[in-house]
Amino acid sequence: MAYFESVNKIAYEGKESKNPFAFKFYNPEEVVAGKTMEEHFRFGMAYWHTLTAGGSDPFGTNTAVRSYDKYSGMDLAKVRVEAAFEFMEKMNLPYFCFHDVDIAPEGSTLREFYSNIDTIVDLIEDQMKGTGKKLLWNTANMFTNPRFMHGAASTCNADVYAHAAAQVKKGLEVGKRLGAENYVFWGGREGYDTLLNTDMQLEQDNIARMFHMAVDYAKEIGFDAQFLIEPKPKEPTKHQYDFDAATSIAFLQKYGLDKHFKLNLEANHATLAGHTFDHEIRVARINGMLGSLDANQGDLLIGWDTDEFPVDIYDATLTMYEVLKNGGLGKGGVNFDAKVRRASFEAEDLFLAHIAGMDTYAKGLKVAAKLIEDRVFDDFIEKRYSSFSEGIGAEVVEGKATLASLAEYALNNETPRKNESGRQELLKATLNQYI
Ligand code: XUL
Ligand code: CO
Ligand code: CO
458 MAYFESVNKI AYEGKESKNP FAFKFYNPEE VVAGKTMEEH FRFGMAYWHT LTAGGSDPFG
518 TNTAVRSYDK YSGMDLAKVR VEAAFEFMEK MNLPYFCFHD VDIAPEGSTL REFYSNIDTI
578 VDLIEDQMKG TGKKLLWNTA NMFTNPRFMH GAASTCNADV YAHAAAQVKK GLEVGKRLGA
638 ENYVFWGGRE GYDTLLNTDM QLEQDNIARM FHMAVDYAKE IGFDAQFLIE PKPKEPTKHQ
698 YDFDAATSIA FLQKYGLDKH FKLNLEANHA TLAGHTFDHE IRVARINGML GSLDANQGDL
758 LIGWDTDEFP VDIYDATLTM YEVLKNGGLG KGGVNFDAKV RRASFEAEDL FLAHIAGMDT
818 YAKGLKVAAK LIEDRVFDDF IEKRYSSFSE GIGAEVVEGK ATLASLAEYA LNNETPRKNE
878 SGRQELLKAT LNQYI
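In this note's numbering, each residue carries its 1-based index in the sequence shown increased by 457.
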């Protein structure tokens, strides 16, 4: 049965196409910087936004109209699997990502939840075999259920901690069964609102303990996925522990977890932290910690995670610039952690939104590749720091300089070399010429 009857498979038609249901820039076979676009992006569908979310917000209930609305419970979960794979097929998305609760209802006991997951995972496995679609990552939702009001791995309630561990254990088993390439931990409620009731040190130590248990269990069952932490600075708690890339890397290093984890970075989380997405990717990249990307964008005027589909070519260019400089995303990919606006309630909007996102990233990739090929910024940056490749600068870089040797140099250097302009405006104007 077709759940998205009105839409056929989306094909690449090129920039001049007037067909809204066609790619204008994303051409999976096109080679850019030595790889096909499909290989560069490894685009993924977020099960929660595309199949499960219905457009509700704090002021109103669901608006989305879907052909599977008439089902409920396990019937709905089963139908959604078919709809998910039809969507990925038509949208030409090679990967998908899900939380445990996205695919199966929790039921009334943990045992029932496990059994529901098993039933649905059987169906997903069949569909994966039939279509060749792959699991970019899965994760456990440890933030929606009221039991997690105080946190999951950071909770004050040890029984809740055990429940969270049980979800992670199952998640790792599911990941192994479905050949997940990554396993994600977004610290949904791992943070706090007031120190007046919080033992910050115990909470952080306990999070690290659960991560170590997860590393150990993955090893035990032979699950070799890349583990990823997804930083976010706030929402739902005021102070999320995994604030940004730098904070998360420091946490992983402190607890001896940095060999086992990389980062899943999300554009809207970066801006919530007061950073640009390319800043976050650069921080991860220079620390060897870039894992995967949640593609979306926030709204300049709104202070929360609006999870909009990415349409900003400028941001996509700088994002793909960092990805290319990283030599790609390895086991990671570009997952659309993005939702259609509440008023874009028709099923067709899901396709139009993914087309917009994939085309934006495709165009960004092409511009980034050209910028790198022409060494637009590389040459400028190389020259800007050239004083560190010779003389006293080279001594600093080689670790030969001391405060005393530098002071002696400065004392004897009556005519220091002049500073040169940073030329920001010129560089930004040049970037615009490429876009
Ligand atoms: C929440 C968020 C999550 C994670 C997975 O802001 O981004 O959907 O990506 O739990
Ligand atoms: Co995300
Ligand atoms: Co998010």
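We put the beta carbon where it would ideally sit given N, CA and C, even for glycine.
Asked: Closer than 5 angstroms to ligand 2: residues, by C-beta to nearest heavy atom, in chain order; Found: Glu723, Asp751 and Asp794
Asked: Bridge partners - Ala683, DSSP secondary structure assignment; Found: Reading off the sequence, residue 683 comes out as Gln, not Ala. Asn639, per the DSSP bridge assignment.
Asked: Bridge-paired residues (DSSP) for Asp616; Found: Answer by DSSP bridge pairing: none, since Asp616 is not bridged.
Asked: Cβ-Cβ distance between Phe808 and Val464 below 7 angstroms; Found: yes
Asked: Backbone secondary structure at Thr493 - three-state DSSP; Found: strand
Asked: Glu737: CB within 6 angstroms of a non-hydrogen atom of ligand 1; Found: no
Asked: Closer than 6 angstroms: Asp762 CB and nearest ligand 1 heavy atom; Found: yes
Asked: Neighbourhood of Leu550 by C-beta, 6 angstroms cutoff - its chain only, sequence neighbours within 5 removed; Found: Phe500 and Met502
Asked: Residue nearest to Asn519 in terms of C-alpha spacing, selected from Arg880, Leu868, Glu847 and Arg798; Found: Arg798
Asked: Reduced DSSP secondary structure (H/G/I, E/B, other) of Asp701; Found: coil
Asked: Length of the line joining the Cα atoms of Thr493 and His506; Found: 27 angstroms
Asked: Any alpha helix (DSSP H) of 4 or more consecutive residues that is wholly inside the segment 473-542; Found: 494-498
Asked: DSSP bridge partner residues for Asn721 (one or two, in chain order); Found: Ser749
Asked: Leu635 to Glu839 span [Cα, whole Å]; Found: 45 angstroms
Asked: Residue burial classification, Pro767 (beta-carbon count within 10 angstroms, cutoff 16); Found: buried
Asked: Beta-carbon proximity list for Lys719, same chain, < 7 angstroms, skipping 5 on both sides; Found: Gln683, Leu685, Met746, Leu747 and Gly748
Asked: Residues near Tyr504 in its chain [Cβ-Cβ closer than 7 angstroms; skip 5 each side]; Found: Ala541, Phe553, Cys554, Phe555, Asp559 and Ile560
Asked: Cβ shell of Glu495 (< 6 angstroms), same chain only, five flanking positions each side left out; Found: Pro485
Asked: Euclidean distance between Cα positions of Leu722 and Thr817; Found: 18 angstroms
Asked: Segment contact, 8 angstroms Cβ cut-off, at least three pairs: the segment 786-802 with the segment 511-526; Found: yes
Asked: Paired residues, beta bridge with Asn792 - DSSP; Found: Gly501 and Asp751
Asked: Glu847 - DSSP class collapsed to helix/strand/coil; Found: coil
Asked: Asn595 beta carbon less than 7 angstroms from that of Gly564; Found: no
Asked: Cβ-heavy atom distance, Thr596 to ligand 1, below 6 angstroms; Found: yes
Asked: Three-state secondary structure (DSSP) of Thr596; Found: strand
Asked: Gly530 to Leu580 span [Cα, whole Å]; Found: 15 angstroms
Asked: Beta-carbon gap between Ala468 and Ala479 smaller than 7 angstroms; Found: yes
Asked: Cβ neighbours of Ala675 in the same chain (closer than 6 angstroms, five flanking residues each side left out); Found: Leu629
Asked: Contact set for Ala610: own chain, Cβ-Cβ below 7 angstroms, skip 5 residues either direction; Found: Tyr618, Ala621, Glu647, Asn663, Ile664 and Met667
Asked: Element boundaries [beta strand (DSSP E), containing His811]; Found: Note, His811: premise wrong, no beta strand (DSSP E); alpha helix (DSSP H) at Ala804 to Glu830.
Asked: Residues near Lys788 in its chain [Cβ-Cβ closer than 7 angstroms; skip 5 each side]; Found: Glu638, Asn639 and Gln683
Asked: Residue nearest to Leu775 in terms of C-alpha spacing, selected from Phe516, Glu830 and Leu888; Found: Leu888
Asked: For Glu660 and Arg568, the rounded distance between their alpha carbons; Found: 27 angstroms
Asked: Any non-hydrogen atom of ligand 1 closer than 6 angstroms to Glu839 Cβ; Found: no
Asked: Residues bridged to His696 (per DSSP); Found: Tyr649
Asked: Tyr674, DSSP secondary structure in three states; Found: helix
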